[in-house]
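Notes follow once the structure below has been shown.
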Amino acid sequence: MGRVRSPRRMLAVVAAAALAGSMLILSSPIAVAAGPAADPLNTGVTANPLKYACEDNAASCNHVGTTNGWFNGEDVKFLYTQDFYCDKTVKSGAATGCEAGASYKQLPPGTAAGAIDPLYIPVALFKNPTPSYVQCQASPMCIDHPATVDLSALSSVLGAPASALKNAMLPGHDHIVATRNGDAPEWWPVVVVGVADQASWTAITTGKSYAALKAAEKASPKTVLEVPTNVFLWFQTLPGHVSTAEAGTNSTAVPPASTNGAAIDNLKNDCTTAAASCGFVGQTRAWLGDANTAQGSDVNLLYSAPYFCDSSVQKAGANACEAGAAAAKVPPDITSTKYTDPLYIPTPLFKQAVPDLQCATGLNCIDHPMTADLSRLATTLGVSAAALANFTLPGHDHIITTRNGDAPEWWPVTVVGVTNPQSFALIEQARSYAEVKKLEADPKNGVLEVPTNIYLFFQSVPGTGKSTAAFNPIPVGPPQTGGGSTAGLQYPALVVVGIALLLGAGAAGTAGVRRRRNGKIAA
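Using this note's numbering, read the sequence shown as starting at 45 and increasing by one per residue.
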């Protein structure tokens, strides 16, 4: 990885006057090679999953929105799902804590060193550039971008007093990425690229790629340069490429404000049941209630990446998701379990039908594994290991014990096996982990916690969620299938009968999908 260059004095000659009125955003010391000439993820026209594009940072967008960007000569769409981060160990006079002219020293909390890629932001430093359209306008502020930045470190370069630059407005700019990162979300350290002449601006905005950007820097080193920052943006590239008409427009559409504290549903299709056209973005219902909350509440969960199963505990066989074994490792883009929170999935293990499960039996929920390797339980269940090696994940509900500030994160899955219909009804009424703990204290209630090696990636949506199945239908398309995991038994005798009743569902022959590592999604 190469280092970004520091701002050069020669920029002042051509750009000082222009920059004083339109201020920059920020950088990263990481550069990567240009992408391949063709990328299969560019295929097809992107379907924006949002009803309202939320390019503006409106309160009703809840930090979820889109902007346009460029990759490999294509117009692409970015989906943002949490606010920006600025490394506060870097001194800044801006209200946002963001600094230009100095690189970050620390990654966002819990972020693994190999789990970032740079975002390059070209900024025109001259008047009346052509084209004048930019993907993020100076005003209104773009979704999940900082409103201001401290440019005082560049005062000598910009020809303006430091006091006037400490809380400068973020200027209009474009976005260039050198990788799609497998269309998975991650933190992107921001590198500002100041462009002080029309010819270079034309080359960059028509080339629409990291290669074109580097070529412009090489051709005009006095007027095109990179500026380091301490800013990170969180987004993912949506599958496909943006239509020509959409690529040249800014959308100001935002959802109406919430009524009566209800969660705002801004998805065109909620994709609770996965389909290829969902692009790994969808919602499920859940309950929020910790071990001290007798009565929980309804909450919606927004998913934006495929599940992860720790293959280090994988048994022999194709299915990486294991029952009877907890994860030994965290997903590769985080550093420890400190940056996760548990997801409990109450699962009925009895013959009586349960209406309105949050993830229905026989339907693969968005970004959930479809199957599980239960072969570790073969002796306990009295069933051959081969029959359990790729077993369909049963229907279930979801309980979380924290909102995590409504920010996305990895959630390690614990199955709550329930063999008693009355106990399951009590959990559904209480909607809380407290009820689970209360019931499992007495083995006669048929409630047990089952560790797995599965992580799901989602965030809670602000406000009160849906209490019944009232989401929009999925787009047309085949199921997004995956291999899976369910359980590791704490009290095996309680679930022998319950699991046996599920064996009629049989085994599903589908391949597993695991969370990406350095831009790849591994099968």
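Glycine included, every Cβ here is placed at the ideal spot set by N, Cα and C.
- Look up Val-480 in the DSSP assignment and say whether it is helix, strand or coil. For Val-480, the secondary structure class from DSSP, reduced to helix, strand or coil, is helix.
- Query: Is it true that the stretch 207-221 meets the stretch 165-178, where meeting means three or more beta-carbon pairs spaced less than 8 Å apart?
  - Reply: Judged by Cβ distances under 8 Å, the stretch 207-221 makes contact with the stretch 165-178, as three or more pairs qualify.
- Message: Please report the straight-line C-alpha distance between Thr-273 and Cys-130, rounded to a whole angstrom.
- Response: 9 Å
- Message: According to DSSP, Met-613 sits in a beta bridge with which residue or residues?
- Response: The requested residue 613 does not occur in the structure, where the chain is confined to residues 45 to 567.
- Test item: CB-CB of Asp-100 and Ile-160 under 8 Å: no
- Can you round the beta-carbon distance between Asn-408 and Thr-293 to whole angstroms, since I take them to be within the 8 Å contact cut? So it is not a contact: roughly 35 Å between Cβ atoms.
- Rounded C-alpha distance that separates Ala-474 from Ala-156: Ala-474 and Ala-156 have their C-alpha atoms spaced approximately 37 Å apart.
- CA-CA distance, Phe-115 and Ser-253? 5 Å
- Give, in chain order, every unbroken run of the beta strand (DSSP E) that is at least 3 residues long and sits entirely within the stretch 214-293. 230-239, 268-271, 275-281
- Item | N- and C-terminal bounds of the alpha helix (DSSP H) containing Ser-467 | 465-474
- Message: Within the continuous alpha helix (DSSP H) that includes Ala-431, where are the two ends?
- Response: 429-432
- Item | Contact check, Ala-330 vs Pro-229, beta carbons under 8 Å | no
- Pro-190 burial status per 10 Å Cβ neighbour count (16 or more: buried): buried
- Alpha carbon to alpha carbon, how far is Leu-432 from Pro-413? 15 Å
- Roughly how many whole angstroms lie between the Cα atoms of Pro-175 and Ser-244? 12 Å
- Query: CA-CA distance, Gln-280 and Tyr-124?
  - Reply: 7 Å
- Query: Val-494 to Asp-342, Cα distance in whole Å?
  - Reply: 23 Å
- Message: Just to confirm the assignment: which complete alpha helix (DSSP H) runs, minimum length 4, are found wholly within the stretch 376-454?
- Response: 422-425, 429-432
- Per DSSP, Thr-508 is paired with what? DSSP lists Ala-306 as partners of Thr-508.
- Quick one: residues in its chain with C-beta nearer than 7 Å to the C-beta of Arg-52, no 5 flanking neighbours on either side, listed in chain order? In this predicted model, Arg-52 has a pLDDT of only 35, less than 50, meaning its place in the structure is not dependable enough to derive any value.
- Taking the alpha-carbon positions, what's the Asp-411 to Phe-170 distance? 46 Å
- Query: Candidates Asn-448, Thr-446, Val-491: which alpha carbon is nearest Val-460's?
  - Reply: Taking the Cα of Val-460 as reference, the smallest distance to any Cα among Asn-448, Thr-446, Val-491 is reached at Val-491.
- Could you spell out where the beta strand (DSSP E) holding Leu-202 opens and where it closes? Not the beta strand (DSSP E): Leu-202 falls in the alpha helix (DSSP H), residues 199-202.
- With which residues is Leu-346 paired in a DSSP beta bridge? Gln-327, Gln-503
- Message: Let me confirm a value: Val-134 is counted as buried when at least 16 other C-beta atoms fall within 10 Å, else exposed. Which label applies?
- Response: Answer is buried; the Cβ neighbour count reaches 16.
- DSSP puts Leu-94 in a beta bridge; with which residues? Leu-311
- Task: Out of Thr-415, Gly-340, Glu-118, state which residue places its alpha-carbon closest to the alpha-carbon of Ser-287.
- Result: Glu-118
- Beta-carbon gap between Ile-389 and Val-457 smaller than 8 Å: Yes, they are a contact pair.
- Item | Ranges of the beta strand (DSSP E) found wholly within the stretch 85-143, counting only runs of at least 3 | 109-115, 118-124
- Query: To which residues does DSSP link Val-462 through a beta bridge?
  - Reply: In the DSSP secondary-structure assignment, Val-462 is bridged to Pro-392, Val-491.
- Message: Can you tell me whether Ala-320 is helix, strand or coil according to DSSP?
- Response: helix
- Item | Cβ shell of Asn-489 (< 7 Å), same chain only, five flanking positions each side left out | Asn-464, Ser-467, Leu-483
- Item | CB-CB length for Pro-255 against Ala-247, believed under 8 Å | For the sequence presented, residue 255 should be read as Ala rather than Pro. Their Cβ separation, rounded to whole angstroms, is 11 Å, which puts Ala-255 and Ala-247 out of contact at 8 Å.
- Counting pairs of beta carbons, one from the stretch 416-430 and one from the stretch 390-398, are three or more of them closer than 8 Å? no
- Gly-426 versus Ala-369: straight-line alpha-carbon distance, rounded: If I take the Cα positions, the gap works out to 19 Å.
- Does Asp-194 get closer than 8 Å to chain D when you measure Cβ to Cβ? Chain labels in this structure do not include chain D; a single protein chain is all it has.
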